[in-house]
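If you count the sequence shown from 1, position 147 lands on 313 in the numbering used here, and the numbers rise without skipping. Just so you know, even glycine gets a beta-carbon here, dropped at the ideal spot from N, CA and C. Below is one structure, written out as structure tokens; the observations come after it.
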Amino acid sequence: MREAPSYRLAYLLGYAGLLPFVTIAVLLWFESQFPSFFLLQLFHIYSILILVFLCGSWWGFAFAATFSDRLRNYLLLGSNLLFLIFLGLMYGTIMQNQWFTLILASAYLLFYIVERILSGLPIDHRYRQMRLIVTLVVVLSHISAYFAVN
């Protein structure tokens with residue numbers, strides 16, 4: 167059975183988004199021409215950008231499903247609140263904090279859990295499976311990066 171081209175592209179992009187996480191996490195374990203603090207900051211910045219993308223996707227969820235007005239408002243405000251929290255965490259020297267990598271990993275788990283709670287969304291089961299795999303690889307990459315520099 168062939169998948170629709172749009173699904174194939176979505177899966178390809180989803181898995182391709184793992185490359186920076188995995189590559190940087192592996193590089194952190196080895197001596198390279200790039201200092202580990204630079205690689206870790208690059209890892210954090212990419213991670214934050216992906217989290218911002220996920221926050222934005224909640225807007226689509228809020229309008230794609232038949233939620234109550236109250237739940238829709240929670241999704242819309244929640245995505246903005248999470249975005250502001252991440253901007254606040256990024257500000258200043260927090261990116262140098264050893265715990266920031268684990269905080270980001272926790273944020274990915276939180277996003278996945280919230281999406282599972284909202285299982286009434288009209289989301290293809292193959293996408294849900296891909297999201298689980300991608301989330302697990304992202305979280306493991308964060309944990310690996312954390313231990314590589316500590």
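Point to revise | Buried or exposed by the 16-neighbour rule on C-beta atoms within 10 Å, applied to Glu197 | key: One-based indexing of the sequence shown puts residue 197 at position 31. Its Cβ having fewer than 16 others within 10 Å, Glu197 is exposed.
Review point. Can you tell me the Cα-Cα spacing of Gln199 and Phe313, whole angstroms?
Key: Taking the first residue of the sequence shown as 1, we reach residue 199 at position 33. Taking the first residue of the sequence shown as 1, we reach residue 313 at position 147. Rounded to whole angstroms, Gln199 to Phe313 spans 20 Å at the Cα level.
Exercise for review: Look at Val315 and Ser202 and say whether their C-beta atoms are less than 7 Å apart.
Suggested key: The residue you call residue 315 lines up with position 149 of the sequence shown. The residue you call residue 202 lines up with position 36 of the sequence shown. Yes. Within cutoff.
Check your understanding: Which value, in whole angstroms, describes the spacing of the CA atoms of Thr189 and Asn263?
Key -> Within the sequence shown, the letter at position 23 stands for residue 189. Within the sequence shown, the letter at position 97 stands for residue 263. Roughly 21 Å between the two C-alpha positions.
Check your understanding: Given a threshold of 16 other Cβ atoms within 10 Å of its Cβ, counted over all protein chains shown, does Leu205 qualify as buried or as exposed?
Key -> Position 39 of the sequence shown, counted from the start, is the residue given in the question as residue 205. So Leu205 counts as buried.
Practice item. Apply the 10 Å Cβ neighbour rule to Ser272 and answer buried if 16 or more other Cβ atoms are within range, or exposed otherwise. Key: By 1-based counting over the sequence shown, the position of residue 272 is 106. By the 10 Å Cβ count, Ser272 comes out exposed.
Check your understanding: Three-state secondary structure (DSSP) at Trp225?
Key -> Counting from 1 along the sequence shown, the entry for residue 225 is found at position 59. DSSP places Trp225 within a helical segment (H, G or I) once states are collapsed to three.
Point to revise | Environment of Leu217 [buried if 16+ CB atoms lie within 10 Å] | key: Along the sequence shown, one-based indexing puts residue 217 at 51. Buried.
Check your understanding: Taking the alpha helix (DSSP H) that Ser307 falls in, what are its first and last residues?
Key -> The residue given as residue 307 occupies position 141 in the sequence shown. Ser307 -> alpha helix (DSSP H) spans His291 to Val315.
Check your understanding: Nearest CA to the CA of Ala311: which residue from Leu242, Trp195, Leu298 and Arg292?
Key -> On the sequence shown, residue 311 is found 145 positions in, with the first residue counted as 1. Selected option, being the one with the closest Cα: Trp195.
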